[in-house]
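Note that the sequence shown covers residues 837 to 994 in this note's numbering.
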Amino acid sequence: MSDVETRNEKYADYVNKMALPSKYFPSLIWAFLVGGLICILGQSLYLLFETVTNLSKELIAGLVAVILIGIAAFLTAIGVYDRIGAFSGGGSIIPITGFSNAVSASAIEHRKEGLIFGTCANMFKIAGPVIVVGVALSWVVGFVYFIISLFYSGIFPT
């Protein structure tokens with residue numbers, strides 16, 4: 837055995853001894869509960885606006901999304917959302933509020949560098965790739981849908 841292999845084995849043993857065992861089941865429960873609470877809040881707001889206003893369903897859905905994004909950005913600004921995310925994991929990251937947290941946290945972290953070169957330039961460092969992949973996949977899915985619709989419309993013989 838070489839020195840490098842021996843060193844790597846010793847390091848792996850050290851890491852295994854020092855690392856805390858992961859508690860998967862409680863993490864899953866908290867993720868489910870927090871994600872579910874976010875969804876319940878969104879659905880409750882939707883039903884409230886549907887009952888109180890005469891707005892269209894699409895407008896209400898957009899309004900609820902904006903409110904959830906605003907709440908998550910505010911909770912990020914005061915340091916609460918990070919604590920929620922620490923014990924809920926994917927439950928707070930997966931919904932739209934997690935995207936808001938990623939953008940808000942980056943903006944807050946770089947605000948001391950100025951508005952343009954700090955906040956604006958660094959705001960989408962984490963969320964930017966998600967936007968790019970989302971737009972690119974939307975184009976791919978739209979193109980596939982377009983091709984399939986051509987076959988069903990009779991333009992291309994089957």
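Idealized CB from N, CA, C, for every residue including glycine. No experiment lies behind these values; they were computed from the predicted model shown.
Tell me the rounded alpha-carbon separation between residue 851 and residue 869.
Indexing the sequence shown from 1 puts residue 851 at position 15. Indexing the sequence shown from 1 puts residue 869 at position 33. Answer to the nearest angstrom: the Cα atoms are 31 Å apart.
Looking at residue 934 and residue 921, is the spacing between their C-beta atoms short of 9 Å?
Numbered from its first residue, the sequence shown carries residue 921 at position 85. Numbered from its first residue, the sequence shown carries residue 934 at position 98. The answer is yes: Cβ separation under 9 Å.
Alpha helix (DSSP H) segment containing residue 967, residue limits:
As a first step, residue 967 must be located in the sequence shown, where it is residue number 131. That run of the alpha helix (DSSP H) goes 964-989.
Mind checking if residue 952 is an interface residue toward chain C, Cβ cutoff 9 Å exclusive?
In the displayed structure, chain C is absent; only one protein chain is listed.
Which residue marks the beginning of the alpha helix (DSSP H) containing residue 912, and which one marks its end?
Locating residue 912 in the sequence shown gives position 76, counting from the first residue. 893-913 is the span of the alpha helix (DSSP H), which, as asked, contains residue 912.
Using a 10 Å radius around the Cβ and a threshold of 16 neighbouring Cβ atoms, would you call residue 911 buried or exposed?
To locate residue 911, count along the sequence shown from 1; it is residue 75. With 16 or more other Cβ atoms inside 10 Å of its own Cβ, residue 911 counts as buried.
How about residue 936 and residue 972: are their beta carbons less than 9 Å apart?
Taking the first residue of the sequence shown as position 1, residue 936 is located at position 100. Taking the first residue of the sequence shown as position 1, residue 972 is located at position 136. No.
On the criterion of 16 or more Cβ atoms from any shown chain inside 10 Å, does residue 860 qualify as buried, or is it exposed?
Indexing the sequence shown from 1 puts residue 860 at position 24. The residue in question, residue 860, is exposed, as its Cβ has fewer than 16 Cβ neighbours within 10 Å.
How long is the line joining the alpha carbons of residue 945 and residue 958, rounded to whole angstroms?
Working through the sequence shown from its first residue, we reach residue 945 at position 109. Working through the sequence shown from its first residue, we reach residue 958 at position 122. Rounded to whole angstroms, residue 945 to residue 958 spans 9 Å at the Cα level.
Span of the alpha helix (DSSP H), counted from its first residue to its last, around residue 937:
Position 101 of the sequence shown holds residue 937. Segment 932-945, the alpha helix (DSSP H) holding residue 937.
Return the Cβ separation of residue 863 and residue 925 in integer angstroms, given the expectation that the two are a contact with Cβ distance under 8 Å.
Here residue 863 is taken as the residue at index 27 of the sequence shown, counted from 1. Here residue 925 is taken as the residue at index 89 of the sequence shown, counted from 1. Right, the Cβ-Cβ distance comes to about 6 Å (below 8 Å), so this counts as a contact.
Starting from residue 865, follow the alpha helix (DSSP H) in both directions and report where the run begins and ends.
Along the sequence shown, one-based indexing puts residue 865 at 29. Element bounds for residue 865: 860-888.
Helix, strand or coil for residue 838, going by three-state DSSP, please let me know.
In the sequence shown, the residue the question calls residue 838 occupies position 2. The answer is coil: DSSP assigns residue 838 none of H, G, I, E or B.
For residue 961, the three-state DSSP class (helix, strand or coil)
Sequence index remark: in the sequence shown, residue 961 carries index 125 (1-based). Looking at residue 961 - three-state DSSP - the assignment turns out to be coil, as it is neither helix nor strand.
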